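Presented below is the structure to which this report refers.
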Amino acid sequence: QQQVKQSPQSLIVQKGGISIINCAYENTAFDYFPWYQQFPGKGPALLIAIRPDVSEKKEGRFTISFNKSAKQFSLHIMDSQPGDSATYFCAASSGGSARQLTFGSGTQLTVLP
Amino acid sequence: DGGITQSPKYLFRKEGQNVTLSCEQNLNHDAMYWYRQDPGQGLRLIYYSQIVNDFQKGDIAEGYSVSREKKESFPLTVTSAQKNPTAFYLCASSSTGQGQPQHFGDGTRLSIL
Numbered sequence: 021q022q023q024v025k026q027s028p029q030s031l032i033v034q035k036g037g038i039s040i041i042n043c044a045y046e047n048t049a050f051d052y053f054p055w056y057q058q059f060p061g062k063g064p065a066l067l068i069a070i071r072p073d074v075s076e077k078k079e080g081r082f083t084i085s086f087n088k089s090a091k092q093f094s095l096h097i098m099d100s101q102p103g104d105s106a107t108y109f110c111a112a113s114s115g116g117s118a119r120q121l122t123f124g125s126g127t128q129l130t131v132l133p
Numbered sequence: 706d707g708g709i710t711q712s713p714k715y716l717f718r719k720e721g722q723n724v725t726l727s728c729e730q731n732l733n734h735d736a737m738y739w740y741r742q743d744p745g746q747g748l749r750l751i752y753y754s755q756i757v758n759d760f761q762k763g764d765i766a767e768g769y770s771v772s773r774e775k776k777e778s779f780p781l782t783v784t785s786a787q788k789n790p791t792a793f794y795l796c797a798s799s800s801t802g803q804g805q806p807q808h809f810g811d812g813t814r815l816s817i818l
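As given, the protein sequences belong to chains A and B, one line each in that order.
Take 21 as the starting number for the first sequence in this note's numbering and just add one per residue.
Take 706 as the starting number for the second sequence in this note's numbering and just add one per residue.
Structural data, given as structure tokens:
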């Protein structure tokens, strides 16, 4: 079964700190790894995504680190802000015209003021 | 504004009743998806469609049905055969090229009366 395992389930960080969320996958055919941010009562919104041909991608305060040999990838949120408090999902998909995403179980991030 | 509209936002189902959740997109996307979200389990794929008049089962299709008569519409029916329908249902759409992100609506919360 294709799985993406996400940890931790919940995370509390002080304002200005670094938030780190980790994901591991099993299917070596996965070739697209997005991260989504979801606020209560809203749908997930794409935050940042990476392909396995690069080891790191940065967009503003958000960075994905990717380790192909370990089949792991992580999201780093630098200078975490209370407005970053949300649920974060990692996901993965493999080739095909309809990108069937396999989601992790989510991490609820709380950034304390 | 381009986007995905899901309606209603809240829906209640009586025992033995079928209910239909609406999903409309004006992004001109070919692919559309339905996910179910339960606490602590991430998003699970119910059905997806790559083109009008064609759709495929996802991981948890039992007790659900869909249609795709128009490019912009992908309604989901939760049938009486779905014994545990209480969940947050999310519709998404995407272009069908490689690396095209999925865009989500704001969901419908279904509860049992």
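Here a beta-carbon is modelled for each residue, glycine too, at the ideal position from N, C-alpha and C.
Since this is a predicted model, take the numbers as computed values, not measurements.
Short CB-CB distance (under 8 Å) between G36 of chain A and chain B: no
Where the beta strand (DSSP E) containing H96 of chain A begins and where it ends: Q92 to I97
Segment contact flag, the stretch 49 to 59 of chain A with the stretch 107 to 116 of chain A, C-beta cutoff 8 Å, min 3 pairs: yes
CB contact flag (S94 of chain A, N42 of chain A, <8 Å): yes
Local conformation of P54 of chain A per DSSP, three classes: strand
Straight-line gap, Q742 of chain B to R749 of chain B (C-alpha atoms, nearest Å): 6 Å
Closest residue to S798 of chain B among B:D811, B:G747 and B:V783 (Cα-Cα distance): B:D811
Cβ of Q120 of chain A within 8 Å of any chain B Cβ: yes
P133 of chain A versus A:G37, A:Q26 and A:S30, residue with shortest Cα-Cα distance: A:G37
C-beta contact flag for F123 of chain A and G747 of chain B at 8 Å: yes
Proximal residues of chain B, C-beta to C-beta of P54 of chain A below 7 Å: P806
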